[in-house]
Every structure is written in C-alpha cells, then in structure tokens.
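Visitor: Quick one: structure below, then a few questions.
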Amino acid sequence: FGGCHDVWRQVISTLSPGMRTIAYDLPGHGHSLSVPGTSARSAAKAILADLATRGRKKVHLVGHSMGGAVATLMALSEPERVASLTLLAPGGFGPEINGPLLRRYAAAAGRNEVRTCLAAMSGPGEQPPEDIVDTLAEMRERPGQVQKLVEIAAVMTRDDRQGAIPREQLGTLAMPVMVVWGTDDAMLPVAQADDLPAHFHLHHVLEAGHMLVEEASDLVASAVRRNMSRRRRRSSARDRAV
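Going by the numbering used here, the sequence shown opens with residue -19, and the numbers climb by one from there.
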C-alpha cells in the first residue's frame, strides 16, 4: 500500500538477468490511479486478467504488505497459474494492523512527511533511502493520488482492523510458499507469521521493520530465487478431498 513499481528496482536488478519481471502499480496507485476496484480482491482479479492478456500462463508471484494479500488471493483464486509465492510481511494474515500509522502514511504528501512515515515503518535506527523518498513523494504529486490513498486506507483500517484470510484456505496452497517478516514490524505484527501451514517456509529478518523491500533488498531477492527453485508440494489424500 502507498508504493509503486519503482520501489522494486533494487530487488529486480539482483535477480537473474535472463528473468522477465513485471512490476505492477496496484489499482489506485501511480500509473494505475484510475483503475477501478482498489480492494485486494479486486486488485487480484485485475492482475490475473492482465497476465492472461499478456499470455503469461504461469508466473512466480512476489508481494509485499497489501501486495502480499493480493498475491495470496491470486494464488487462492487460480493456483494452477502460480509457480511459487513469496510474501513479504503480507497483509491479511491476521486482523491486527497499525491503523493510525497507515492512515498517516496515506495522507503524507511532502518529502519530509513521507520520510518520517517510512522511518516509522522501518527497523530501529533505519533511515529510508532518499531515492525511495523521492519516488513516493513524486507519486503523491499526481492529482487525486493522496485523496485516493486516504480513501483506501480508511476502508483497509476500519475499526483499526484488517480483513484476514482464513488459515485453512492458506493450507490449500500447494505451490512453494515463502513468508519473510521483520521482527520489528510496526505495521503488521510479526506474530501473524505464527502457526502458518507446515509446508510454508518462514524467514524472520532480525531487527527489520515493515519496509523489507527497502531495508533488505538483497535478502529479499535471495528469498525469491530460493523459493522459485523449490518444487511444488504433492497433494495428499486430505488435500484432494477438500
């Protein structure tokens, strides 16, 4: 939430040079500001449709925060199209969310306020990269962008709770799943990574906050590569009966 495709450039640059990557602006963000349907479920449908238009039958999905919720919903909706799923502090893994901080970030317009919010969402003593501050501040200069983010945040954090994906649904995902979470996440508590399905791989990033793409880009790229190389889980009799 509140980001754009440009924040992924450091991660993308460290992946295999022969790997084709597609980085999206979620509906209501950046170049997708006018795309209708800004909920995670609507975004999942929109991206699946766009990938189909591009002729991409099977993809490795990576998502952070709200993008993690979107990626998870995509995998649940059309699992046969997802080769692997790498999730960075994903939304929707529990009801708890720092609503006041998210709403402040949504309303941040100038560089100083964007920088302050990013620092609050990062690990102890971590300062956000200035190029990221510039990118996100410039995105917010688009007419209507800040108001759209404020509207989305208000819906996402109603009563300071977020919608949660049932754990039993997560357990049906047969593709390789990697979850990465900072131990000092001030937005989504790291405890939401507890009691995940046994076949999920979990990586805690010590003293990292919520902004894993910026705080640990090399580690994120490494996690993506490792997860892409893992094999799909074979369905058990119990899975087939669901």
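For every residue, glycine included, the Cβ atom is placed at its ideal position computed from N, Cα and C.
On a predicted model such as this, the values are computed, not experimentally measured, just so you know.
1. Going by DSSP, which residues form a beta bridge with V15?
2. How would you label A171, buried or exposed, when you count the other beta carbons within 10 angstroms and need 16 or more for buried?
3. Taking one C-beta from the segment 110 to 117 and one from the segment 156 to 170 each time, how about it: are there three or more such pairs within less than 8 Å?
4. In its own chain, which residues sit with a C-beta less than 6 Å from the C-beta of E121, not counting the 5 before and 5 after it?
5. Pick out whichever of H40, G(-17), T33 has its Cα sitting closest to the Cα of S12.
6. Is the beta carbon of S45 less than 8 Å from the beta carbon of G71?
7. Drop a sphere of 10 angstroms on the beta-carbon of D165, count the other beta-carbons inside from all chains shown, and report buried for 16 or more, exposed for fewer.
8. Which of the three DSSP states, helix, strand or coil, is assigned to H(-15)?
9. Quick one: grab the DSSP three-state call for G162.
10. Could you check the C-alpha separation between L182 and A173 for me, to the nearest Å?
11. How long is the line joining the alpha carbons of V(-13) and P104, rounded to whole angstroms?
12. Check whether the segment 24 to 34 touches the segment 44 to 60, taking contact to mean three or more Cβ pairs, one atom from each stretch, closer than 8 Å.
13. Would DSSP call G43 helix, strand or coil?
14. Start and end of the alpha helix (DSSP H) containing S22?
15. Whole-angstrom Cβ separation of E106 and G189, contact assumed at under 8 Å?
16. T137 by DSSP, collapsed to three states: which one?
17. Rounded to the nearest angstrom, what separates A144 and A196 at their Cα positions?
18. Residues in its own chain within less than 6 Å of G8 by CB, not counting five upstream and five downstream?
19. What three-state label does DSSP hand L65 in the structure shown?
20. For the candidate residues N92, G10, V62, whose alpha-carbon lies nearest to that of G124?
Guide: So, from the listed chains and residues:
1. The residue labelled residue 15 in the question sits at position 35 within the sequence shown. Per DSSP, none; premise fails for V15.
2. For the purposes of this step, residue 171 is identified with residue 191 of the sequence shown, where counting begins at 1. A171 comes out exposed.
3. no
4. Here the question's residue 121 lines up with position 141 in the sequence shown. For E121, where only same-chain residues beyond five positions count, there are no Cβ hits under 6 Å.
5. Translated into the one-based positions of the sequence shown, residue 12 becomes position 32. Of the listed residues, the one whose Cα sits closest to S12 is G(-17).
6. Your numbering for residue 45 matches position 65 in the sequence shown. Your numbering for residue 71 matches position 91 in the sequence shown. Cβ atoms of S45 and G71: closer than 8 Å.
7. Position 185 of the sequence shown, counting from 1, holds the residue named residue 165. By the 10 Å Cβ count, D165 comes out buried.
8. Here residue -15 refers to the residue found at position 5 of the sequence shown. Looking at H(-15) - three-state DSSP - the assignment turns out to be helix.
9. The residue given as residue 162 occupies position 182 in the sequence shown. Reduced to three states, the DSSP call for G162 is strand.
10. Mapped onto the sequence shown, residue 182 falls at position 202. Mapped onto the sequence shown, residue 173 falls at position 193. Each residue's Cα considered, the two are about 8 Å apart.
11. Stepping through the sequence shown from its first residue, residue -13 is reached at position 7. Stepping through the sequence shown from its first residue, residue 104 is reached at position 124. The straight-line gap from Cα to Cα measures roughly 21 Å.
12. yes
13. Indexing the sequence shown from 1 puts residue 43 at position 63. Strand.
14. Sequence index remark: in the sequence shown, residue 22 carries index 42 (1-based). Its alpha helix (DSSP H) spans residues 20 to 33.
15. On the sequence shown, residue 106 is found 126 positions in, with the first residue counted as 1. On the sequence shown, residue 189 is found 209 positions in, with the first residue counted as 1. Contact flag correct, Cβ pair sits at about 6 Å.
16. Position 157 of the sequence shown, counting from 1, holds the residue named residue 137. T137: coil per DSSP, three-state reduction.
17. As a working note, residue 144 is residue 164 in the sequence shown. As a working note, residue 196 is residue 216 in the sequence shown. Between A144 and A196, the C-alpha separation is close to 26 Å.
18. Within the sequence shown, residue 8 is the residue found at index 28, counting from 1. Within the same chain, G8 has close Cβ partners T18, K128, I132.
19. Numbered from its first residue, the sequence shown carries residue 65 at position 85. Three-state DSSP puts L65 in a strand.
20. Position 144 of the sequence shown, counted from the start, is the residue given in the question as residue 124. Checked all of N92, G10, V62; the closest Cα to G124 is G10.
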